[in-house]
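Below is one structure; the comments refer to it alone.
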Amino acid sequence: MKKFRNLLILSLTIVGFLLAGTAAKADTVLTLDPASAYQYQAGPGGVFTFAATVTNNEPFTVFLNGDSPTVDAGLTLDDSLFLNNWPLSLASGDTYTGELFTVTAPAWGLGPNFYTGSFTLQGGVDGNAADNLATVNFNIQVTPEPSSFLLFGGGVLTLGVLAGRKLLA
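According to numbering that gives the first Met the number 0, the sequence shown is numbered sequentially starting from 0.
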């Protein structure tokens with residue numbers, strides 16, 4: 000009888016640990032699609048619009064209560080598309096596709112030309128939750144258009160000609 004009781008206690012303990020591990024595993028209730036397709040290349044001062052598809056994979060309603068964007072210095076992120084247009088919640092199995100945010104690249108200059116950022120959807124099981132539901136990372140490569148190179152090259156050439164005239168005079 001004592002063996003049976005010890006076996007029962009051991010079994011219940013193992014089941015308890017397994018159930019506790021299952022509850023802790025459900026950290027992502029939304030998936031962004033496509034999650035890794037955000038790599039853009041354009042001219043300086045360009046505005047990039049990011050769209051996403053969000054699906055609720057959980058058996059309960061998920062509330063989309065906010066966001067947490069991060070971008071490298073020089074980039075400007077505007078999340079008003081998410082805040083003004085996205086639904087406040089998604090029922091189980093629902094999907095929403097829409098424009099999520101915009102990023103403005105810096106004007107071309109002497110700084111870096113490769114920038115990174117991320118956008119995290121926050122929410123959860125009620126209207127006050129602030130759990131991180133899904134994160135998407137993105138890269139932006141700023142490359143000046145040919146006209147900028149021509150303008151810059153023309154300015155350097157003009158300075159060189161003026162400096163050459165002064166040396167010859």
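Ideal Cβ placement from N, Cα and C applies to all residues, glycine included.
Residue j beta carbon less than 9 Å from that of residue i
i, j, result
"F137", "T115", "yes"
"F118", "V135", "yes"
"L87", "L63", "yes"
"S91", "T60", "yes"
"V155", "P43", "no"
Cβ shell of residue i (< 7 Å), same chain only, five flanking positions each side left out
i, result
"D78", "D66, P68, F100"
"V46", "T101, T103"
"W85", "L63, Y95, G97"
C-alpha distance - residue i paired with residue j, whole-angstrom precision
i, j, result
"A50", "Y95", "11 Å"
"P58", "G97", "23 Å"
"P161", "G153", "Checking the sequence shown, residue 161 turns out to be Leu, not Pro. Each residue's alpha carbon lies about 12 Å from the other."
"T48", "L74", "13 Å"
"T125", "L89", "Note that residue 125 corresponds to Asp in the displayed sequence, not to Thr. If you take the alpha carbons of D125 and L89, they lie about 11 Å apart."
"L76", "I139", "12 Å"
"T157", "G163", "10 Å"
Option in the options with minimal Cα separation from residue i
i, options, result
"A72", "D130, L82, P105", "P105"
"N56", "L158, D93, D125", "D93"
6 Å CB neighbourhood of residue i in its chain, flanking five on each side removed
i, result
"A129", "Q121"
Within-9 Å CB hit, residue i to chain B
i, result
"P105", "Any reference to chain B falls outside this structure, which holds one protein chain only."
Cutoff 8 Å; reference residue i; Cβ partners in own chain excluding five residues on either side
i, result
"G123", "V28, V61, F62, N64, A129, D130, L132"
"N127", "N64"
Requested in this report: Within the region 54-90, note down every full alpha helix (DSSP H) run reaching 4 residues or more, in order along the chain.
Outcome: The region 54-90 contains, as complete alpha helix (DSSP H) runs of 4+ residues, the segments 79-84 (chain order).
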